[in-house]
Amino acid sequence: MARIRTTVDGLVYEDDVEPRMLLVQYLRERLGKTGTVIGCDTSNCGACTVHLDGLSVKSCSVLAVQANGSEVLTVEGLERDGQLHPVQQAFHDNHALQCGYCTPGMIMQSIDLLGDNPDPTEQEVREGIEGNLCRCTGYQNIVRAVQDAAQKMKPGATASQPASVAGGGA
Amino acid sequence: MTTVENNAPAQEIGRDRRRKEDRRLITGRTRWTDNQALTGLLHLSIVRSPFAHAEIGSIDTSAAKQIPGVVAVYTASDIGADAVQLPCAWPITKDMKSPQRPALAGSRVNFAGEGVAVVVARSAAAAKDAAELVEVDYTELEPVLDMEEALKEGATLVHPELGTNENAQWVFDSGEAGSGGSATEALSAAEKADDQVVITRRFRQQRLVPVFMEPRSTVVDPSGEQLVMWSSTQVPHILKTMLALTLGLPEHKIRVIAPDVGGGFGGKIAVAPEEVVTLLVAQKLGKPVKWTETRSESLLTAHHGRDQIQDISMAVTKDGIIKGLDVKLLADMGAYLGLVGPGVPILGAFMFNAIYKIPAYRFDCTNVFTTKTLTDAYRGAGRPEATFGIERMMDEVAVELGLEPMEFRKKNWIKHEEFPFTTVSTLTYDTGNYEAATDQAMQMFDYDGLRREQEERRKRGDVKQLGLGISTFTEMCGLAPSRVLGSLDYGAGGWETASIRMLPTGKAEVVVGVSPHGQGHETAFSQIIADKLGVPFEDVEILHGDTQSSYRGLDTYGSRSLAVGGIAMVKAAEKVVAKAKPIAAHMLEASEDDIEFTAGKFSVKGTDKGVGIQDVALAVFAAHDYPEGIEPDIDAHATFDPENFSYPHGTHLCAVEVDTETGFVQLHKYVCVDDVGTVINPLIVEGQIHGGLAQGIAQALFEEAPYDESGTLLSGTLVDYTLPSAADLINFDTANTSTPSTTNPLGVKGVGEAGTIASTPAVVNAVLDAVRQYGVSDIDMPTTPFRVWTAINSAKGTAGRADEADVASPGAGLGSTAKDMPEGGNL
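Taken in order, these protein sequences are the chains called W and X.
Numbering of the first sequence is given in this note's numbering, commencing with residue 712 and proceeding in unit increments.
Numbering of the second sequence is given in this note's numbering, commencing with residue 852 and proceeding in unit increments.
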C-alpha cells in the first residue's frame, strides 16, 4: 500500500492505495466519483478523461500513486454555484449527447482542447477529440457544441439563447 | 373552478426541446449499473475458454482459492450453470435445430470466450487475479469457421448431438404465397428471352460488433423478498419473464431494473449467460453480487451482428424493368442461438424487394452454426443486410445495362400515388413519397454538379478520384403487430403499454413499458403527453426501466418506442381525459354532453366556464364531491397493439474521394433526406440519423470482427475493432420530408435504425463508382485502404503480390482468415 494525498474537485483526500490501482478505479471505487466511467481497457475510448493538474489525461492510464500531490478535476467538479460550465451547457444546447456514457470524458477533453485553442475550426475540433469515442451521436453535434462553447467563452461574450440546431422537422 | 383563459400552451409536438435527460448526464450524476455499491457487495470474474472448440477436462481451482479476498470459485456444475437452457424466443421453423446454451460450459466449449468457471471475491481486482490462476484442462477440437464448409457432408460439427451444422432453412416464395409470380420461373424465362438478362452477384456482410459504450454490468441483490437485478439491458421486462421461465423462479419474486443504460444498438437485447451466473451466485451465497465486463470481454462474448453471404440474382429487361429477384442467404448464427438470433436474417426477407415493384421474389435463408460468438440483433437487424443486398444490386444492374443508377431506380420504384401498396413480400406500405425525398436529396447534393466534377477528375487523371453512391431505402419498423409475430413463430407479442398517474398537484407520472438507453424518451414522451393532456412539459415525468413501477412492457428495439409505445401513451391520455370529463362536468354543474376538452381545459360549450385537468386531479384526490357511480380516479392504463409496421424511407447520397495511390477513402459529402412521418422532436430525430449514419458508414469503411484459422477473434480490443472517431467522419447534410403514417394516430414512423440501414450501400456504391473505371467490380467491406489499393492494382494487373488480389472472396474470406487485415487495425 502507498499513501497518497490528492485534491479532487476541490476536496483534499488522503488514502492508502495499492500501487497498481488506476486513477479511475481510485476515483470510482474509493471516492465514489462515479461520474467518471470506464469504457475500455486499452485507453482507446477516453470515457475516463479527467484533468490532472490542469491537463486532460485518460485516468485509466494513470496510476493513483502518480496523482499523489496533484489536483484532479472530474466532470463532477465543473459546476460553479449551480451554473454549468459553458462546455456542459453547450453539450445540452446542441444535443451533443445521447446515452451520455462518453459525455464526461468528452466534456473534459473538449475543455482541455479549448484551453489550447480557444477558437478551433471544425477539423481542429475533430482532431482534438479524436481520442474520445462516441457510439451514439456521429460526433456532428459534439463538434458543434465545442465550437458553440468556444464562442460563448470568448472574452466579452455574454450568455445568450442557443441558436436552433435542428435541421429538418415537420 | 376557474374561468377559461384563452392562452393555450404552445404545441409541444414538433418542437426542438432540449433534453430532460441531459442534466444528470453532463454533470456526472449518473446511475450506471456498475456504479451500484451495496454493503457487502461481492465481485465476479468469469474464467473464459481461449479455445474455439474444446472438451473440458479437469478444472483446478485450488490456487485461485488461495488468493486473499476470494470467497468462492465455482465451476458450471457447482451452481447448476451447465444445466441452464438460455432462451431463444424465435424458433423460425418447426424443425429448427437448437442446441442447449448453458450459462457456463460444463463439458465442451463452442467458442473462444465461453465461460467455464466463475470467481467470487471481495474486490473486482482480486477476482481477476484469481481467475488467472484457475487451471482448465482442455482437449482441442477442430473449429468450425466457414459457413459453406460447415454445411458440407462430413464437416466437423459444432454440436455433434444435432447431427448437422444447419440451424434452419427458411423460405419465402411469392409464387407459393400468392403475392407474386415464381422467381425461379421469372429467372429462367429471362435467360431465354432476347430482351432480358439475369444478373447474379455474391455479397459479403461482414461480422460486426455493436460496441455500446457502456460495458455490460449486472448486480443482483437476493436479500429482499423480491430478488433485485440491476442490469445494463434494453429489455428489463423480457429479461424478468425469461429469468422466471428459464430458472423456474416465481416471476413475482423477481424485480429487474435497467437504470441509466449506456447504449445498446441491439447488443443489449439478451438474456446473457453472465446475468444468469450473477443471479445463481447471489442466490447461492445470499449476498449481493456484481459482474462488470471488460471491453475485451464485451468484444469477445457480447453478441455480434450481421455475418451473411448473399447470393442474389435479378431478372431484368434490357431497358431496366425488374422481372424477378432471387435471394439466397447463408447466415452465421455462431455457436448458439441468441434471444432472437435465428429471426434476424428473416426480418430481411421482407425488405430485399425494398421500394421496388418486383413481380416475382424468392428468399431462401439457411442459418449455420460455427464456433464463433453468437450473432443476434444489431441496429437494423436483418434490414441493413437486405438493404445492402438490393441497393448494391441496383447499382450493379444499372452498370450492366448502361443506365444511370438513379434512373434505373425510378423506373422500378413505387410511385407516390400508388400508396397504400402491397408488396411482393406481403407487406402493405401505408405511405411514402420516394420522388419527393429523392428530388430534395439530389438538389441538396448537387448530383449533376458532382457528376461533372467526377468526369473532370477522370479526364485529368487525378490521383483522387470521385465516386457517387446512392441508397434509396425503406424499412419496416415499429415492431410489431402481435398477429404478424405469431405467424412468424416469434415467442411474444409486439404490443406496448403506458400508464398515466395524475398526482394531486396536477403533475403527471407516465409509466412506460419501453426502456430507453440514450434515445431521449423522457423528453419526446413528455412532449406528447403535454399536448395530449394540455399540461406543461415540465409537469410530466416519464418512469421506465423498473419492473416494479412498469410491470408490463416489451422494451426497446426495432424502432418501436415511439411508433408503438408512443401510441400507447396517446391512448392512455385519451382515457385520462375520458375519465376526467364527467368529473369536470360535475364540477362545472353542466351536462357531460356540453363539455369540450381543449389544451388542458374542460369547458362548457358557449360559456367561459371551465376547469383544468390538473384541477380535476386535485378534486379526485380530495374526493369530497364527485358524481355518484364512478370512482374518484382519473389514472389510466393502455396497451397498444399496432395493426401494421411503420415504413420510414429516404434517399441517401454519398460522395467519396478515393486516393488511387494509397487506396484511402475519404468521405467527401453525405446527404440524406429521410421521411420518418410526423416528427415529435426534430433535434432528437436529427441526432438519431447522425448516429445511425455513423454506424452504417463504419460498416462500409472501418469495422470488422474477423477470426483467425484457429477460431480466435482478431478484434478483441478497441485497438483492433476500429470504431470511427470524430476525425474519421464529416458533417452530414440531413433533412426530412414527411408523409405521416396512416396506421397510428400520431402519424409517426420509427427513426432509430434508418440511418444505419440506409447508409452502408450508399458508401460502398460510391467507392466502387470511383474505381470501376479501372476494372474493379467489387470490394469487400470494410473497404480499407489495403483492400481498395489491392483491388485497383489487381484490376490493373499491377498488384504487388498475387495472393493479395483476393479482395472479394465471400465464403472463404468470411472471417475464416484475415490475411488482408493489416496489423493494428485497418485505418
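C-beta atoms are modelled at their ideal positions from N, C-alpha and C, and glycine is treated no differently.
Only a predicted model underlies this, so the values are computations on that prediction, with no experimental measurement involved.
Host beta strand (DSSP E) of residue i (start-end)
i	result
Lys1179/X	1173 to 1185
Ser913/X	From DSSP, Ser913/X is part of no beta strand (DSSP E) but of the alpha helix (DSSP H) over 913 to 916.
Leu722/W	722 to 728
Gly793/W	It is not in any beta strand (DSSP E) - Gly793/W carries neither H nor E in the DSSP assignment.
Glu991/X	986 to 991
Assumed close pair residue i, residue j - CB separation to whole angstroms, cut-off 8 Å
i	j	result
Val1455/X	Asp1445/X	5 Å
Tyr1498/X	Thr1325/X	5 Å
Leu1317/X	Glu1126/X	49 Å between Cβ atoms; not a contact.
Gln851/W	Phe1583/X	6 Å
Gln809/W	Gly1369/X	4 Å
Arg1053/X	Ile1209/X	So it is not a contact: roughly 20 Å between Cβ atoms.
Thr1569/X	Asn755/W	Thr is not the amino acid found at residue 1569/X; the sequence shown has Leu there. Their Cβ separation, rounded to whole angstroms, is 4 Å, which keeps Leu1569/X and Asn755/W in contact under 8 Å.
Val967/X	Leu895/X	The Cβ separation is near 14 Å, so there is no contact.
Pro953/X	Val935/X	5 Å
Burial state of residue i (16 or more Cβ within 10 Å)
i	result
Glu1065/X	buried
Asp911/X	exposed
Asp946/X	exposed
His1475/X	exposed
Glu1144/X	buried
Thr1641/X	buried
Asp1227/X	buried
His1088/X	buried
Gly1014/X	exposed
Met712/W	exposed
Val1314/X	exposed
Ile907/X	buried
Ala1211/X	buried
Asp823/W	buried
Arg1652/X	A caution first: Arg1652/X carries a pLDDT of 49, below 50, which makes its placement in the model unreliable, though a value can still be read off. Label assigned to Arg1652/X: exposed.
Ile715/W	buried
Lys1003/X	exposed
Gly1601/X	buried
Residue range of the unbroken alpha helix (DSSP H) whose run includes residue i
i	result
Gln800/W	797 to 804
Trp1685/X	This structure cannot settle anything about residue 1685/X, because the visible part of chain X is limited to 852 through 1678.
Lys1141/X	Where Lys1141/X is concerned, there is no enclosing alpha helix (DSSP H), although the beta strand (DSSP E) it sits in stretches over 1140 to 1143.
Lys979/X	975 to 982
Cβ of residue i within 7 Å of any chain X Cβ
i	result
Tyr850/W	yes
Val857/W	no
Thr745/W	yes
His806/W	yes
His762/W	no
Tyr812/W	yes
Gly880/W	With a pLDDT of only 32 at Gly880/W, under 50, the local geometry of the prediction cannot be trusted, and the value read off the model is given with reservation. Closer than 7 Å: yes.
Glu838/W	yes
Gly750/W	yes
Cys759/W	no
Interface flag, residue i vs chain W, CB-CB below 7 Å
i	result
Arg868/X	no
Leu889/X	no
His1541/X	yes
Arg1058/X	no
Gly1601/X	no
Glu1307/X	no
Ile1050/X	no
Val1062/X	yes
Asp1657/X	Model confidence at Asp1657/X stands at a pLDDT of 48, short of 50, so the residue's coordinates are unreliable; what they give is reported in the following sentence. So no, Asp1657/X is outside the interface.
Check: Hey, is the region 906 to 920 of chain X in contact with the region 970 to 986 of chain X, meaning 3+ C-beta pairs nearer than 8 Å?
Finding: Using a C-beta cut-off of 8 Å, the region 906 to 920 of chain X makes contact with the region 970 to 986 of chain X, since at least three inter-stretch Cβ pairs fall below that distance.
Note to self: I'd like to know if the region 841 to 848 of chain W and the region 810 to 825 of chain W are in contact, where contact means that at least 3 CB-CB pairs between them fall below 8 Å.
What the structure shows: yes
Item checked: contact_flag[the region 1235 to 1245 of chain X, the region 1603 to 1622 of chain X] where n(CB pairs < 8 Å) is 3 or more -> yes
Next item on the list: Could you tell me whether the region 1593 to 1600 of chain X touches the region 1415 to 1424 of chain X, using the rule of 3 or more Cβ pairs below 8 Å?
Entry: In short, these stretches touch, since the Cβ pair count reaches three.
Check: How do the region 1073 to 1086 of chain X and the region 1116 to 1123 of chain X stand: do at least 3 beta-carbon pairs fall below 8 Å, yes or no?
Finding: Taking a cut-off of 8 Å for Cβ pairs, the region 1073 to 1086 of chain X and the region 1116 to 1123 of chain X touch, as three or more such pairs fall below it.
Check: Quick one: any contact between the region 1160 to 1170 of chain X and the region 1069 to 1079 of chain X, if contact means 3 or more CB pairs under 8 Å?
Finding: Segments in contact, no.
Note to self: Does the contact criterion of 3 or more C-beta pairs under 8 Å hold for the region 1448 to 1464 of chain X versus the region 1391 to 1409 of chain X?
What the structure shows: no
Next item on the list: Flag this pair as touching only if the region 1259 to 1279 of chain X and the region 1179 to 1192 of chain X have three or more C-beta atom pairs under 8 Å; answer yes or no.
Entry: Counting C-beta pairs closer than 8 Å gives fewer than three between the region 1259 to 1279 of chain X and the region 1179 to 1192 of chain X, which falls short of the contact rule.
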